[in-house]
Structure formats: C-alpha cells, structure tokens
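Numbering (my numbering), first residue to last: 111 to 367.
By construction, the Cβ of each residue, glycine as well, lies at the ideal position given by its N, Cα and C atoms.
Owing to the predicted nature of the structure, the values given are computational and were not obtained by experimental measurement.
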Amino acid sequence: MQEIKYPFFKRDRILKINMLENLRDFPRDVLDVFYEEMSDGIVCGLVPKVEKEVITVSKGIIKYCGSLYLVSEPVLLYYEETEKDVMLKLCFHDETQDQDYRIAYIDIKIDEEMQLLPNQIELGRFRLKKGAYLRSEYQDLYDFTTEYNTINIVHVKYAGQKEHTLNKMILQYFAKEVLTYQVEDERDFSFCLLCLNSQRIERCVIQQYIAYKTGTFVKEMSNVEIHKSLVKILEQIKKKSKLVHKKTMINSKIIMD
Numbered sequence: 111m112q113e114i115k116y117p118f119f120k121r122d123r124i125l126k127i128n129m130l131e132n133l134r135d136f137p138r139d140v141l142d143v144f145y146e147e148m149s150d151g152i153v154c155g156l157v158p159k160v161e162k163e164v165i166t167v168s169k170g171i172i173k174y175c176g177s178l179y180l181v182s183e184p185v186l187l188y189y190e191e192t193e194k195d196v197m198l199k200l201c202f203h204d205e206t207q208d209q210d211y212r213i214a215y216i217d218i219k220i221d222e223e224m225q226l227l228p229n230q231i232e233l234g235r236f237r238l239k240k241g242a243y244l245r246s247e248y249q250d251l252y253d254f255t256t257e258y259n260t261i262n263i264v265h266v267k268y269a270g271q272k273e274h275t276l277n278k279m280i281l282q283y284f285a286k287e288v289l290t291y292q293v294e295d296e297r298d299f300s301f302c303l304l305c306l307n308s309q310r311i312e313r314c315v316i317q318q319y320i321a322y323k324t325g326t327f328v329k330e331m332s333n334v335e336i337h338k339s340l341v342k343i344l345e346q347i348k349k350k351s352k353l354v355h356k357k358t359m360i361n362s363k364i365i366m367d
C-alpha cells in the first residue's frame, strides 16, 4: 500500500522538516510524472527573439538527461556580423552541492562551432551579412530556412512522446498558409486544425501526414527533411486550390487622379 501525504499548516502546530520537504517535492514530482514519457528537448519557451542588436531567449522548461530544468529568467545575448553559420546553444555544466542545495549550472551562448557536445542543446542558428540586421519574424513557411539574416529554428528539438518533435510555430505557419486556400482534402483540413489547436504535434503524426501527401511509406525524417516536405506540400496545395483569403496589405495607398 502506498502512502500519500498532504501536510496541514495550522495555528499552534509544530512546523516539521518532513512537512516542508513534502511541500518542496510536490510540484517537481507532479511535473516529473506528467512529462515522464517525453523525450529530452525543449518542453516550452526558450524561443529566440531579436530586438535591434540583442537576441532575447525567453524563459522556459527543458528536459535533459531525463530531468526537467526551469530557466526562470530571459537571457540577453549581443550578436554581431558573422558571414558564416553560428549556433545558439544552451549548455549544461557539472552540478555542485553544498549543505543546503544541489545546484545545476547552465548558460546560453552564441558559438561558431556548429557541432553539439553531449552537454549542449541547440536553440537556433543564423548567418548574418555585414551591414544587415538579424530578424526572428518569418514571412512564410519557407522563410524559416532563409540562409542569411534570419534565425533558423528548424533544427531545434522539442520534447515529444518518446521522440523529439518540431517547434509548433513552424507547423502553425504551414496550417495558416494552407487555410488561406480552399482545400478539398479533409485530411489537409484536419491536420491544419490539429496544428493550430495543439500545444505539440508528435513527430509520428507529422511523418504520417507527409507520407500520405507524397504517396510514400512512413519513414524517419530529420527536422530539415520534414520542413522541406511541408514546403513542397504547401506549394502543391497552392497550385491545385483556390485562394479564399487574401493577405491584408499594411499601409497600402490608393492614388486617384
């Protein structure tokens, strides 16, 4: 029989160490159980955003070597012209321990080395031309892999059931573009609604959809291969379908004589 304790904090009661331990462990235990079946990778957050000369990596949760870590504050990184690929890396360092705490150290940096060490996780990559500004806003699905001046998050691994998956933003861009067309295949419509209404789309679901659309067998694909396939599927839908929602033009003018 398993014992489950909930401490009471009442007036005139002695505050015991094991009551505080129960209070300390409960939130982490709940998270560990909830995400037990998930792979290593980003659970939420840790998205790089560019503001002028600074990249801000948002706070978030990441699973690494089976344990969950909370990055509770945004991290600011100053970037510069590179003319070659560089990578945003989250690095885990050796833990230390004192009488009161077990301490895990992490840092986020921009690294010219494009290979990941076992203690590193990618948050994005970019190549910045001289005199250009970096951006983290995307014009369309294809723009996620624009070679210059854009943060590429396609390679980033997000935690999924048993295996990692893609950033949901990529799939949302795909879905929004598809739904500007009058699609006839109900499976396109269903997949797009799934992309827009779910916090996470499992890798096996994406690969199954791609296999159906391309008429091939389901196979393991890299993040880059998945993105390329979705771009091709989107192009095919655009050719075969009628546009039903035109993009709004901002600051457009009509000149009359």
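| said: Below 8 angstroms, how does it come out for the segment 277-296 and the segment 163-177: are there three or more Cβ pairs, yes or no? | reply: no
| request: Pick out whichever of Met331, Leu304, Glu345 and Asn277 has its Cα sitting closest to the Cα of Val153. | output: Asn277
| How is Ile124 classed by DSSP in three states: helix, strand or coil? | coil
| field | Ile165: first and last residue of the uninterrupted beta strand (DSSP E) it sits in | value | Val164 to Val167
| Within 10 angstroms of its Cβ, does Phe202 collect 16 or more other Cβ (buried), or is it exposed? | buried
| message | Restricting to runs no shorter than 3 residues, where is the beta strand (DSSP E) found entirely within the segment 239-297? | response | none
| For Val354, does the three-state DSSP call read helix, strand or coil? | coil
| said: According to DSSP, is Phe202 part of a helix, a strand, or is it coil? | reply: strand
| What's the call for Ile360, buried or exposed, on a 16-neighbour Cβ count within 10 Å? | Because the pLDDT at Ile360 is just 41, under 50, the model does not fix this residue reliably, and the point stays unresolved.
| query | Which residues mark the beginning and the end of the beta strand (DSSP E) in which Tyr179 is found? | reply | Ser177 to Val181
| query | Do Phe236 and Ile261 have their CB atoms nearer than 7 angstroms? | reply | yes
| request: Using DSSP bridges, identify the partner residues of Pro184. | output: Looking at the DSSP assignment, Pro184 forms no beta bridge with any residue, so it has no partner.
| task | Would you tell me roughly how many angstroms separate the C-alpha atoms of Leu375 and Glu232, rounded to the nearest one? | result | Residue numbering for the chain in the displayed model covers 111 to 367; residue 375 lies beyond these limits and cannot be assessed.
| message | Quick check: the segment 244-251 against the segment 305-320, are at least 3 beta-carbon pairs closer than 8 angstroms? | response | no
| field | Inter-residue CB distance, Lys199 and Ile216 (contact presumed, cutoff 8 angstroms) | value | Not confirmed; about 10 angstroms, so no contact.
| query | Which residues bound the alpha helix (DSSP H) around Asp316? | reply | A quick correction: the sequence has Ile, not Asp, at residue 316. Here the alpha helix (DSSP H) through Ile316 covers Arg313 to Thr324.
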